[in-house]
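Participant:
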């Protein structure tokens with residue numbers, strides 16, 4: 088996606104589910120929805136290293152992975168996604184030449200700037216067959232206070248990791264804002280079908296973003312501890328070990344129908 092290239096340049100070894108504390112229950116909810124709606128064809132938008140696409144293919148779905156970053160697509164191929172099931176391109180300009188029963192956007196909407204969120208939803212709406220479904224799985228929090236606080240914490244990590252360019256694009260959406268954006272481009276039957284928490288921590292971020300550098304980890308720990316004093320009630324923050332603080336952030340799977 089042209090407006091999120093910095094994000095997609097992150098190391099292809101990035102294990103999103105491990106960082107977010109995602110387990111089997113979330114995937115079971117996703118696949119139950121697809122089964123209940125008799126979905127056949129699926130586009131895994133911003134599919135990254137291919138875990139979900141591979142699961143979809145192994146479950147018999149006509150699935151394709153789409154991502155802007157060639158390094159991520161190559162990683163997906165190493166992870167078992169056939170080359171013919173992968174597409175590299177920019178969602179804002181790519182001509183797919185076909186439509187899908189479902190488009191899944193997993194853990195990526197927060198990388199989309201607010202000012203282009205409706206444009207993206209409009210493009211996704213047009214990619215769907217009639218009565219097709221869009222599924223957005225991400226941190227979409229109950230209140231704007233939650234969104235502002237969580238962005239501050241993630242920006243601390245990005246600054247320490249030297250990923251300052253990410254800060255200017257990222258936007259954490261409230262549940263009501265993401266639902267409104269979907270409805271404004273024509274989605275009907277919008278609903279939250281699953282609620283859960285991402286479980287993030289200082290040490291997981293340290294391992295992923297600066298290879299356990301002690302000085303950077305100590306800085307992140309100290310700044311997280313200070314920021315935790317102002318955490319909203321929806322966000323659970325606990326000091327769980329020396330130099331580690333764990334955060335539980337509300338996340339949802341929200342769907343809308345064309």
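Residue numbers (this note's numbering): 88 to 345. We put the beta carbon where it would ideally sit given N, CA and C, even for glycine. All of these numbers come straight from a predicted model, not from anything done at the bench.
(1) Taking its Cβ as the centre, do 16 or more other Cβ atoms sit within 10 Å of residue 208, making it buried, or is it exposed?
(2) Straight-line CA distance for residue 132 to residue 261?
(3) Nearest-angstrom Cα distance between residue 239 and residue 280?
(4) Taking the C-alpha atoms as reference points, what is the distance between residue 115 and residue 341?
(5) By alpha-carbon positions, which one of 329, 265, 102 and 226 ends up nearest to residue 162?
(6) Quick one: using the 10 Å Cβ neighbour count with 16 as the cut-off for buried, is residue 329 buried or exposed?
(7) In three-state terms, what does DSSP make of residue 282?
(8) Hey, residue 272 and residue 188 are a contact pair by Cβ (cut 8 angstroms); roughly how many whole angstroms apart?
(9) Threshold first: 4 residues or longer. Then list the alpha helix (DSSP H) segments lying entirely within the region 220 to 271, N to C.
(10) Does DSSP put residue 109 in a helix, in a strand, or in coil?
(11) Would you decide whether residue 169 is buried or exposed? Buried here means 16 or more other CB atoms lie within 10 Å of its CB.
(12) Alpha carbon to alpha carbon, what distance is there between residue 105 and residue 285?
(13) What are the residues that DSSP puts in a beta bridge with residue 159?
(14) Check whether the Cβ atoms of residue 160 and residue 143 sit closer than 7 angstroms, and answer yes or no.
(15) Do residue 259 and residue 234 come within 7 angstroms of each other at the CB atom, strictly closer than that value?
(16) Are there 16 or more other CB atoms within 10 angstroms of the CB of residue 219, so buried, or fewer, so exposed?
(17) Using 7 angstroms as the threshold, is the C-beta distance between residue 264 and residue 193 below it?
(18) So what does residue 130 bridge to, in DSSP terms?
(19) Taking the C-alpha atoms as reference points, what is the distance between residue 154 and residue 275?
Facilitator: Working from what's here:
(1) buried
(2) 21 angstroms
(3) 28 angstroms
(4) 15 angstroms
(5) 102
(6) exposed
(7) strand
(8) Rounded, the Cβ-Cβ distance is 18 angstroms, inconsistent with contact.
(9) 231 to 248, 251 to 256 and 262 to 271
(10) coil
(11) exposed
(12) 10 angstroms
(13) Its beta-bridge partners do not exist; DSSP assigns none.
(14) no
(15) yes
(16) buried
(17) no
(18) 151 and 190
(19) 26 angstroms
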